[in-house]
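When we follow this note's numbering, the leftmost residue of the sequence shown carries the number 190, and every step to the right adds one.
Quick notes on the structure that follows.
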Amino acid sequence: MSIDADALRSQLGARDHERILRACGFNLNGHGGKELSGVLGPRELGEGETGNFSVDLEKGLVKDWGSSGYQGDAIDVVQDVQSLSFPEALEWIVDELSLNASTLEREVASGSSSGAPMPEPDTPDSENAPEPVVSHEQVERWHERLIDEAGAAQAARGYLTGERGLHPGVLKLGRVGLAHEKEIPDDWGGFYRREARPVTWWIIFPVARRDLDGAPVVSVKGVGFDPENCDWKRNEDGEKIPSNVSSALWDLVPTEGNATKGNGTARIDGSVLVCEGELDALCALSNGFNAVTGTTGAGTFKPAWAQYLTCLEPAQNHGVVVVYDGDETGRKGAQKAASKLHEAGLDVRVASLPDGKDVNDVLTEGGEEDLHAHLAQADSYGSSETDKAVGTGESKEDKDNPESQYESFPVSVLPDPIQDYVCASARALGEEVPPAMVAVPTLSVLSGAIGDAVRLRLKRTWTEPATLWTALVAPSGSTKSPAFSHAVRPVFRRESKAREEHQTAIAEWKAQDDPDPQDKPTRERYRTGDATPEAVVKILEENPRGVLLARDELGAWIGSFDRYVNGAADLQFWVEVWQGFQASRDRVGEGNTTIDTPVVPVTGTIQPGTLKEKLGEIHFDTGFAARLILCQPPTPPKRWTDADVTEEVKDGYAKTLRRLHDMPRDRVSSLTPEAKKRWVSYYNMANASLEERPEGPTRAVAAKGITHVARLALVLHRCRVESRAEPGDPYEIGPVDAQSMEAAIEVGRWLTRETLRVYERLGLATEAKSPVQLFLKQLPDQFKTEDAKEIAEENEIPRRTMFDWLDRLQKSGTLEKVRRGVYRKT
């Protein structure tokens, strides 16, 4: 299958074209409307210091009225700026816009309606092998020049083996060469870009398909070199000047056929490193690591490359580690690559490098020991076995406790502004802080921003609100509170602003000669920390849209239900709120207040010991516990980092929240046919898996996890839609599409697995205590009746019930009566 260009073009609108052009370097800031002029374009298209481009966003067309005369559409721009082939440019656009590729595919054999060139085959054993882009003889001439000659070649050789730390044998294995501009073939268009500082010498990285007969060179990456300065050739902005012909996976893993003493390498027993750049992979190999890399940057890893890696013995035996650059582009690309590798069935880990560093930097500055240290701390992306267990009906008993292993949160499926904010916030907390620390509470913040504005209709009689309850479980002294703060900060700011506006309005109202009580201003609420049902009902009465309950410590809220008299009633109230059912409360002196569609998402933190202590039998019996999404990621030691969240990333998150908060209320969203098909398939499979679980708390968690998927589909879809909107754009409440449903299923499965893992780690389901056991726990080893009365009174336990419990505990042998009025635990 391949992307149909006509289908893609028909789906692109003005906002999509704008995103594509911005990503390719067009400066559209300060321009309004759909037809723009005087736009500053990218240097790759020949633009200088003055903006000479005209842009038609509706049609996606650009034209340079300056010296280059460049003109084309958005796809042409992607090809020329990103140095991609036509099919690769289509894939790049689909990936950049997070479009649903399945709706845009066509059969390769059917031909292209757009007249575009046919795509390269996806699999190594394809009958239609790709044509070589250059002969082996030419590659060898370039390589021999680099290795043997003086002058420019000596400078390049010294730069690569000296400053960049590449072993001469690795240069031989990779057939790295040096080409003069006059030797570049005429059809290598990317090498002829207009540059203010022309490139005379190119260091050439040829990519041969070792799995095909004759190992044809199917792609070439070139980087301009400056012999006089012994460094990369730089453009006026100080950036390197790369170019490439086609794209491919460069396999540098030594084999029996190429592992010789002459090239400085030997077969390596270890994981395969998936690197972002050519120098990274070559330097890794020089230091004894298996390595591969793609030739077109961090965000273009292809599923076919993942399939290819499944055939490599080291990847089969030791898995792969994605180790991209330590910047936002690299981290984002690493998650996308890891997702494709995981889908191919490989054991995948993702390593995190220091800010601004790549593999080459780590190795040249700290040696292989430093890189080994980073690899040792790499996070597991996921387990094919646990996916199978949760998604196909196999229970955890059928596996060797898969739920005990932590898996990385699938951050790559989040809408772009949310993904960027989560990753940047986690990095700001520490290089090794798992993104889940920020991502999980963020899900509740997003659901709180939506409130009751939209519900998801799964069928005529079944709708779901956006409500999600999340709890970050971590010990004291970890980064749980700062992570929580990152997630909720914009909501707290909005709440503070609303409070100030209300204070001003109240002052103005009181300043009237005879203020009318009916006109007394009410306060807009976005967040509360008061979890009593009475307070929540009052807030909802004045703010029917909903409110986020956000508390840094959730222990008091969960523990408040232990009160014998009102605990069960309060729990039932909260269960009804989670369900979105009508909830009511009687308040002394004010009568009854009823909320028809309550929406109160919850998020906060709690220590593991507190959670074990507070979550008792009553929470499980009422179904309250099953509704809590728990997350207990690893808590690495705190280490200083200069990383921070940029204003641009903060603004992207805040803008999405503003759009969600301002949505009109009482809308209903349905599912597209494809999303409905995917939901039904997941729903049937997930329910079938419940039959494998015994009755009890873990089965209840898995059952509620199905509902969470539906709610996540609504939340993620609205976020994706509103993150693309501009201020003032009308709200279009369309159906939830298949892409959002797929993302929700992946996140929902992760949340269910993680909650069950927390249950297993803390023994929540097996150690939950009944009210009488909790009462017994508070009694001293030997006590008097007066002591028991005092403890019962503190917990609002009626005296008659207390005496009944003391009698039952004696009959069960748990207590013995020492003498009249004195008891002892046995």
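Ideal Cβ placement from N, Cα and C applies to all residues, glycine included.
This structure is a prediction, so every number in the text was calculated from the model and none was measured.
Distance between residue j and residue i (C-alpha atoms, nearest Å)
i, j, result
"ARG330", "VAL323", "12 Å"
"GLU352", "THR553", "8 Å"
"ALA864", "GLU931", "8 Å"
"THR485", "VAL629", "32 Å"
"ASN479", "ALA565", "15 Å"
"ASP605", "LEU530", "20 Å"
"ALA676", "THR782", "32 Å"
"GLN268", "GLU320", "19 Å"
"ASP810", "THR944", "18 Å"
"GLU982", "GLU723", "22 Å"
"GLN999", "ASP641", "51 Å"
"ALA289", "SER601", "Here residue 289 is Asn; the residue named in the question, Ala, does not match the sequence. Between ASN289 and SER601, the C-alpha separation is close to 14 Å."
"THR619", "LYS827", "Per the sequence presented here, residue 619 reads as Gly, with Thr not at that position. Between GLY619 and LYS827, the C-alpha separation is close to 7 Å."
"THR990", "LEU968", "15 Å"
"ARG520", "TYR513", "7 Å"
"ALA368", "THR389", "9 Å"
"PRO416", "LYS410", "19 Å"
"ALA578", "ILE895", "Summary for ALA578: the model assigns pLDDT 34, below 50, so the residue's position carries little reliability; its value from the coordinates is reported in the next sentence. Approximately 15 Å between the Cα atoms of the pair."
Residue i (DSSP reduced to helix, strand or coil)
i, result
"LEU564", "helix"
"PHE673", "helix"
"LYS893", "helix"
"SER858", "strand"
"TYR1012", "strand"
"ASP145", "With the chain covering only 190 through 1015, there is no way to say anything about residue 145."
"LYS973", "strand"
"VAL925", "strand"
"ASP469", "helix"
"ARG211", "helix"
"PRO822", "coil"
"GLU428", "coil"
"TYR341", "The question names Tyr, but residue 341 in the sequence shown is Ala. If DSSP states are grouped into helix, strand and coil, ALA341 belongs with the helices."
"GLY917", "coil"
"LEU965", "helix"
"TRP377", "coil"
"ILE747", "helix"
"GLY358", "helix"
"LEU462", "strand"
"GLN771", "coil"
"LYS491", "coil"
"PHE813", "coil"
"PHE681", "helix"
The beta strand (DSSP E) enclosing residue i, as first and last residue numbers
i, result
"ALA368", "366-369"
"ASP253", "250-253"
"ILE795", "791-795"
"LEU647", "643-648"
"PRO395", "390-397"
"GLU224", "224-228"
"ARG538", "537-539"
Anticipated Cβ contact below 8 Å, residue i with residue j, distance rounded
i, j, result
"GLY793", "ASP741", "6 Å"
"LEU800", "VAL662", "6 Å"
"ILE392", "VAL365", "7 Å"
"LEU293", "TRP281", "Contact flag wrong, Cβ pair sits at about 13 Å."
"ARG538", "ALA567", "4 Å"
"ALA720", "TRP698", "So it is not a contact: roughly 29 Å between Cβ atoms."
"ARG208", "GLU285", "7 Å"
Span of the alpha helix (DSSP H), counted from its first residue to its last, around residue i
i, result
"LYS546", "It is not in any alpha helix (DSSP H) - LYS546 carries neither H nor E in the DSSP assignment."
"ARG330", "325-337"
"GLU837", "836-850"
"ARG159", "With the chain covering 190 to 1015 only, the question about residue 159 has no answer from this structure."
"PHE275", "275-285"
"GLU806", "806-810"
request  = Could you tell me whether the region 610-622 touches the region 908-924, where touching means 3 or more Cβ pairs closer than 8 Å?
outcome  = no
query = Are at least three pairs of beta-carbons, each pair with one atom in the region 782-801 and one in the region 628-645, less than 8 Å apart?
reply = yes
query = Does the region 325-339 touch the region 424-433, meaning 3 or more C-beta pairs lie closer than 8 Å?
reply = no
query = At a cut of 8 Å, does the region 811-822 reach the region 882-899 through at least three beta carbon pairs?
reply = yes
query = Okay, do the region 865-879 and the region 920-939 touch, 3+ Cβ pairs below 8 Å being the bar?
reply = yes
query = Does the count of Cβ pairs from the region 393-409 and the region 193-204 closer than 8 Å reach three?
reply = no
task = Taking 8 Å as the threshold, find out whether the region 727-734 comes into contact with the region 644-657 through three or more Cβ pairs.
result = no
inquiry  = Any contact between the region 691-710 and the region 817-826? By contact I mean 3 or more CB pairs, one from each, below 8 Å.
reply    = no
query = How do the region 490-497 and the region 240-260 stand: do at least 3 beta-carbon pairs fall below 8 Å, yes or no?
reply = no
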